[in-house]
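In my numbering, the protein residues as written are 23 to 339.
Note that CB positions come from ideal geometry on N, CA and C, so glycine has one too.
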Ligand code: ADP
Ligand code: MG
C-alpha cells in the first residue's frame, strides 16, 4: 500500500532527518512509528503526503510514485491529524468537518449526512455539536473532531502525528480505545506517530522503531517485546523494568475457557513472560495448563495490554 524505497531527507541546513529507510505498510494496517524526539518520525509522515519533498529514494502508494499523483488528489485522499489540531476557529464544527467534501464538490445533502454520521460515530450529538465553534469544545472533543475531519471524505489512508499527546491521560486512553473500535469498523491504513511505547503497543498491528533517522526494528508488539533487536529497543520497550514483568504470572491474566480447541497451543501456568510472548507471536490464543488440567486461556491482546499498563508512561527522549 505505502512503500518507501531507500528514502532519505536532508534539510537545507544539512540535517539528515531520514536516512535511507525502507518500509512496506500494508493495506488496512495500523502502523505505528515510534522513536525519541528528533528521530525523524514527523519527516517520514509528511513525506507521504508530500508536505515535505524527498531528497532521494521513492515512495509509492498503491504501486504509483507519489510524485505522479495530482497533489490535490493526494492530499484529499490522505487524512491528516496533528497533535494540536488546527480546527478553523471561525468555522463551526460542521463546517470544519466539511472542508474536504466541499473541495471534492460533494452534494450538500450528502455532506450534511456525512457530518452527522461522523459526529455520531465519535459520540458527539450532531444536533448539539454541528453548529458549535471549536472553542466551545474541550480539548478531547476537539481532537475527536480532528479525527472526524480526517475521515470526512473517506480517505483510504490516515496519517496521525502524536494526535493524543496533548491530552490528559484519561481523555487520551478514551480516544485510543475509540480509535481501536473505529479502526475495526473502517479498516483504513493508518500511520500513527507517537513517542509513547504504551500507546504504540496498544494500537499497533506493527511498530517501527526509529532512531537518528534510521529504522532500528519493525515488528508486531509481541515481537518487539520478546525479541528486541538491540539495547536501544530493549530499553525503549522497557523490558525488565516494570515490577509486573519481573513478577509475571499467567494466573493474573487468565480468561475462562470451557474446552480448548484441538489445535490450540498449550503453555504450563509456570511459563515465563518470554516463553509466553514467543508463543503469542505465532498464536492469538494459548491454552494454559496446570497439573494436567486446562485452567484457562491467554490471548495476545490481554498480555500486551497488561504489559503496556505496567510500563512507564512515556519514554524520555
Ligand atoms: P520527530 O518527529 O521524530 O521529532 P522530525 O522529523 O521532526 O523528528 O525531525 C528530525 C530531524 O530533522 C531533527 O533533527 C529536526 O531538528 C530536523 N528538522 C526537522 N524539520 C526541519 C527543518 N525544517 N529544517 C531543518 N531541520 C529540521
Ligand atoms: Mg514529530
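Secondary structure at residue 33: coil, using DSSP grouped into helix, strand and coil. Between residue 162 and residue 290, the alpha-carbon positions lie close to 43 angstroms from each other. Listed by position along the chain, the residues with Cβ atoms less than 6 angstroms from a non-hydrogen atom of the ligand ADP are 33, 35, 37, 39, 57, 59, 60, 61, 62, 63, 64, 65.
Nearest to residue 102 by alpha-carbon distance, out of 314, 223, 185, 44, is 185.
The three-state secondary structure of residue 243, taken from DSSP, is helix. Positions of the beta strand (DSSP E) runs, each at least 3 residues long and wholly inside the segment 44-68, are given as 52-56 in order along the chain. Taking C-beta atoms as the reference points, residue 125 and residue 167 fail to come closer than 8 angstroms. Residue 290 is bridged by DSSP to 311. Around the C-beta of residue 183, 16 or more other C-beta atoms lie within 10 Å, and the residue is accordingly described as buried. Taking 8 angstroms as the cut-off, the Cβ atoms of residue 215 and residue 63 count as close. Judged by the Cβ position, residue 234 fails to qualify as a neighbour of the ligand MG at the 7 angstroms threshold, every heavy atom of the ligand being at least this far.
Taken from the Cβ of residue 92, every heavy atom of the ligand MG lies 7 angstroms or farther away. A direct Cα-to-Cα measurement between residue 221 and residue 77 gives close to 31 angstroms.
Among the bridge pairs identified by DSSP, residue 78 is matched with 30. If you compare the alpha carbons of 330, 193, 117, 253 with that of residue 170, the shortest gap goes to 117.
In the DSSP assignment, residue 25 forms a beta bridge with 46, 82.
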